[in-house]
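In what follows, a single structure is set out as structure tokens and then discussed.
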Amino acid sequence: MIITRDAFYAQRITPRDNRLFAAQQACVSLVLADITPLANQGIPIVLPTGPETLPLALLQPGQGNPFGDHTPRLWKHYPFSLTQHVVGLDADGCGQLGSVLWGDPYAPHWGDMTGHRLFEPDGQASDYLQSTLSGLREAQQETLVTQQLVWQLHQLRVLLPDTITHAGQCWCVYRIDIDHLQTRIGASDDPMHCRLLMMAHAINDSQQSLGRSKASTWTPWTEESPTAKLG
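full-length UniProt numbering numbers the first residue of the sequence shown as 1 and each following residue consecutively.
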């Protein structure tokens, strides 16, 4: 549901431990800041197919909090998120998209009597709501940075197709060829390359105990590969 002042003027929100809600998912999308902390917790992390996807943490719902002290960034401000929605019309009468605040109507955080107000009596956004919006915008930027890093892996042609079984389903994922990545990057001190290596090593380390659906056969990319042609 979209959060508007008129509809949510009197609504209140009570913060909860969002790690417990994230832990109920079979997989959770991650940004760069999540990868090392969760890899250190022994949570397997994979790269799904597609150049604009985010890394995924593979979870076993019903096993409590697997995240330690870390809350995945995209769950930190649950039940809120920013989403694209038509916010007006341009000169040609076409819809213009903009970011709007969305809230999960089924979350247990909502209340009428206790918790933080979303809007002050004068109708202005409360300090809590402003802080939430600021955090969501930061997470949005972190998402873009992480997607750029994944795109770099595609551009460098260092991804190898693989399949895993998780939650009773077969998933098509990519494995990172670390040796090839280091060869392609060389001794570069570019900050993006440093972040790329850090992310790649953490993802690979997290997969040490990951069970695959069958004996792995890495298939190198070729010029005929549809994904390879994206570059």
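Where is the CB? At the ideal position from N, CA and C, for every residue including glycine.
Keep in mind the model is a prediction, meaning the values are calculated, not measured.
Candidates the options: closest to residue i by CA position
i	options	result
residue 18	146, 194, 109, 49	109
residue 72	63, 83, 84, 59	59
residue 46	186, 175, 135, 21	175
residue 25	1, 156, 6, 75	75
residue 146	181, 125, 53, 21	53
residue 206	57, 21, 6	57
residue 4	15, 16, 119	119
As assigned by DSSP and simplified to three states, the class of residue i
i	result
residue 174	strand
residue 56	strand
residue 154	helix
residue 67	coil
residue 147	helix
residue 225	Note that residue 225 scores 42 on pLDDT, short of 50, meaning its location in the model is unreliable and no value can be drawn from it.
residue 17	coil
residue 167	coil
residue 43	coil
residue 131	helix
residue 6	helix
residue 139	helix
residue 161	strand
Cβ-Cβ distance between residue i and residue j below 8 Å
i	j	result
residue 163	residue 12	no
residue 31	residue 167	no
residue 104	residue 128	no
residue 66	residue 23	yes
residue 112	residue 70	no
residue 202	residue 39	yes
residue 80	residue 136	yes
residue 132	residue 102	no
residue 49	residue 150	no
residue 184	residue 156	yes
residue 44	residue 153	no
residue 41	residue 68	yes
residue 2	residue 100	yes
The ligand ADP heavy atom lying under 7 Å from the CB of residue i
i	result
residue 129	The ligand ADP is not part of the structure shown, which contains no ligands of any sort.
Mind listing, in chain order, the continuous alpha helix (DSSP H) runs of no fewer than 4 residues lying wholly within the region 175 to 205? Taken in chain order, the complete alpha helix (DSSP H) segments of 4 or more residues contained in the region 175 to 205 are 178 to 185.
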